[in-house]
Amino acid sequence: MIENLWILIKEGGVLVFSKNYIKLKIKDDDLIAGFLSAVDSFVKETTNEQIKSIIMRGRKFSYIVGDNLIIVISTNQLDNDVLIQDLLKAIKIKFLEKYKENIRNFSGNTGYFTNFDTELGEILTQSDISIKCMTCKKTILGEFRVRFLDDKKIYLCCPLCEEKFLLAKI
0 MIENLWILIK EGGVLVFSKN YIKLKIKDDD LIAGFLSAVD SFVKETTNEQ
50 IKSIIMRGRK FSYIVGDNLI IVISTNQLDN DVLIQDLLKA IKIKFLEKYK
100 ENIRNFSGNT GYFTNFDTEL GEILTQSDIS IKCMTCKKTI LGEFRVRFLD
150 DKKIYLCCPL CEEKFLLAKI
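Here the sequence shown stands for residues 0 to 169, numbered as in numbering that gives the first Met the number 0.
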């Protein structure tokens with residue numbers, strides 16, 4: 000399931016939209032966007048190829064680059080790469096449909112790009128990448144909680160479900 004999303008204008012690496020479903024240790028999305036943009040530039044310069052993903056122990060950052068955009072989502076490392084790329088493509092298509100002129104004539108004003116939540120919600124609802132709360136089995140589409148059990152991520156939708164899960168573990 001998507002944990003975080005960043006959409007950047009490739010030229011300049013400017014963050015124009017972000018959505019955080021889980022909290023990261025670094026809270027400054029602009030700092031994260033700068034890093035993601037720098038990695039894209041580094042890979043392009045050193046290998047003349049496009050970056051697809053950065054894989055860490057429990058998290059994966061997947062990229063789609065094109066049309067002057069860099070779109071990155073972080074997911075669980077075990078999430079399906081094909082489904083993630085399909086999701087990235089759907090996000091890119093919808094973002095371009097809504098903001099193509101703003102991207103083409105980008106002047107540094109990021110205010111045009113703040114109203115993408117509705118479209119993103121529709122895409123996530125229709126995507127095959129979804130998670131269910133470990134306690135109530137409800138599909139989670141908003142902010143969620145993560146716990147670890149034997150090095151596996153357990154997703155929970157609300158404080159009540161989290162409390163039930165923790166009590167069941169004891």
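Built from N, CA and C at the ideal position, the CB exists for glycine as well.
Cβ-Cβ distance between Q49 and V64 below 7 angstroms: yes
Cutoff 6 angstroms; reference I72; Cβ partners in own chain excluding five residues on either side: Taking I72 as the centre and dropping the five residues before and after it, the same chain places the C-beta of I1, L4 and S61 closer than 6 angstroms to its C-beta, in chain order.
Closer than 6 angstroms: L159 CB and nearest the ligand NAD heavy atom: With respect to small molecules bound, the structure shown includes none, and the ligand NAD cannot be examined in it.
Cβ-based neighbour list, N19, same chain, cut-off 6 angstroms, excluding 5 preceding and 5 following: Once the five neighbours on either side are set aside, the close Cβ partners of N19 are N3.
Touching by the beta-carbon criterion (3+ pairs, under 8 angstroms), the stretch 88-105 and the stretch 27-34: No, the stretch 88-105 does not touch the stretch 27-34.
Opening and closing residue of the alpha helix (DSSP H) in which T46 lies: Where T46 is concerned, the enclosing alpha helix (DSSP H) stretches over D28 to T46.
Alpha-carbon to alpha-carbon, I70 and E118: 15 angstroms
Which residues DSSP lists as bridging S52, in chain order: DSSP lists S61 as the beta-bridge partner residues of S52.
First and last residue of the uninterrupted alpha helix (DSSP H) at I8: That residue, I8, is in no alpha helix (DSSP H); its beta strand (DSSP E) goes I1 to I8.
As assigned by DSSP and simplified to three states, the class of N19: strand
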